[in-house]
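Enquirer: Questions regarding the structure given below will be posed in turn.
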Amino acid sequence: MKYLMRLMAGVLLVVIVGAMVGPFQNVEAATNIWDKAAHFVAFGLILWSIGVLFRRLPRTLAALAALVVGGAVEIIQGLVGRDASWGDLLADGLGILLALLLWVIWRRFEPRTAFQTWNTPGVSPARAGRDTTPSRRRG
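If you read the sequence shown in our numbering, its first letter stands for residue 503, the second for the next number, and so on.
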């Protein structure tokens with residue numbers, strides 16, 4: 503299941519970024535999709551993809567990486583004759599913020615156990631995520 507999820511995240515990331523930098527200038531107009539809404543949803547999915555592909559990366563760094571991708575997409579769009587805009591980057595950021603908020607709610611405002619254990623003094627990264635409490639024997 504983890505392999506399938508990672509494969510899906512990788513394909514989704516490539517397809518979304520490819521659609522944003524490819525020669526698809528009038529796709530939004532032809533399909534009646536509002537450009538800012540497309541950016542909003544796409545960058546929430548990009549953050550999800552980065553989170554699945556790089557599981558140990560803290561979500562705030564994943565969000566920053568997604569925002570850097572958004573900035574790079576806008577620069578590339580300006581170079582290839584498409585419309586680059588600050589509004590698109592704002593929509594990217596808002597989509598990323600909503601995805602972060604949903605992640606926090608999903609995790610019930612608790613950080614990841616593996617990351618939390620890894621930061622605990624005296625616990626090696628090799629043991630991070632493993633249950634280190636001694637088991638009780640029934641006797």
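The C-beta atom is built at its ideal place from N, Cα and C for all residues, glycine as well.
(1) With a threshold of 7 Å on Cβ separation, who are the neighbours of Phe542 within its own chain once the five nearest residues in sequence on each side are excluded?
(2) Indicate whether Leu514 and Leu563 have their beta-carbon atoms separated by less than 8 Å.
(3) Between Leu600, Asp585, Leu604, which has its C-alpha nearest Gly524's C-alpha?
(4) Would you call the CB atoms of Leu569 and Ala511 closer than 8 Å?
(5) By the DSSP assignment, the alpha helix (DSSP H) with Val606 in it spans what residues?
(6) Which residue's Cα is closest to the Cα of Leu602: Ala565, Leu559, Ile577?
Expert: A quick look at the data gives this:
(1) By 1-based counting over the sequence shown, the position of residue 542 is 40. These residues qualify, in order along the chain: Ala593, Leu596, Gly597.
(2) As a working note, residue 514 is residue 12 in the sequence shown. As a working note, residue 563 is residue 61 in the sequence shown. Against a cut-off of 8 Å, the Cβ pair of Leu563 and Leu514 comes out as no contact.
(3) Reading the sequence shown from its first residue, position 22 is the one you call residue 524. If we check each option's Cα against that of Gly524, Asp585 comes out closest.
(4) Start at 1 with the first residue of the sequence shown, and residue 569 comes out as number 67. Start at 1 with the first residue of the sequence shown, and residue 511 comes out as number 9. Against a cut-off of 8 Å, the Cβ pair of Ala511 and Leu569 comes out as no contact.
(5) The count along the sequence shown starts at 1 and reaches residue 606 at position 104. In the DSSP annotation of this structure, the continuous segment of the alpha helix (DSSP H) that includes Val606 starts and ends at 588–608.
(6) Position 100 of the sequence shown holds residue 602. The candidate whose alpha carbon is nearest that of Leu602 is Ala565.
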